[in-house]
Amino acid sequence: MEKKKSFSKGDQVHFIVTEDFVDTANEFVAYCKSNSINTSEAMRSAIANWLHIRIVKEKKLAQLIQGTSTLESIAEEYERNVLREV
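When the count follows our numbering, it moves up by one through the sequence shown with no breaks and lands on 324 for the last residue.
(1) So, T256 versus V267, is the Cβ gap smaller than 8 Å?
(2) Would you mind working out which of Q301, R282, L309 and I291 sits nearest K247, comparing C-alpha positions?
(3) Can you give, in chain order, each stretch of the alpha helix (DSSP H) that sits fully within the segment 252–309 and has at least 4 residues?
(4) Just to confirm before moving on: does the CB-CB distance between A280 and C270 stay below 8 Å?
(5) To the nearest angstrom, how far is it from the Cα of N319 to the Cα of L299?
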C-alpha cells in the first residue's frame with residue numbers, strides 16, 4: 239500500500255509527461271515563457287481551480303440529492319394525505 243503524501247512549503251511536485259500530453263506540456267511552457275508567466279504559479283493556480291470546481295460540484299450534487307429526497311418525501315406525504323381523503 240502506498241503511503242499517503244502530504245506536502246510542506248518548498249516541496250516539489252512531480253508528474254509524468256505521458257505521450258499524449260507531450261505537445262500540451264511543451265505548448266504550455268512555451269506560452270508561459272513568451273508571456274512572462276511563472277510556470278509553477280500557473281500550475282499551482284490550475285490545481286487550486288481544479289480542486290475548487292470539484293468541491294463545489296460535489297456540494298451542489300449533495301444539495302440536489304438532499305433536495306430531491308426532501309421533495310420526494312413531501313410528495314409522498316401529500317399522496318398519503320390525498321389517499322386518506324378518498
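For glycine and all other residues, C-beta sits at the position ideal for the given N, C-alpha and C.
The short version:
(1) Position 18 of the sequence shown, counting from 1, holds the residue named residue 256. Position 29 of the sequence shown, counting from 1, holds the residue named residue 267. Not a contact, by the Cβ cut-off of 8 Å.
(2) Here the question's residue 247 lines up with position 9 in the sequence shown. Answer by Cα proximity: R282.
(3) As far as the segment 252–309 is concerned, its whole alpha helix (DSSP H) runs of at least 4 residues are 260–272.
(4) Position 42 of the sequence shown, counted from the first residue, corresponds to residue 280. Position 32 of the sequence shown, counted from the first residue, corresponds to residue 270. Contact: yes.
(5) The count along the sequence shown starts at 1 and reaches residue 319 at position 81. The count along the sequence shown starts at 1 and reaches residue 299 at position 61. Cα to Cα, the separation comes out at about 30 Å.
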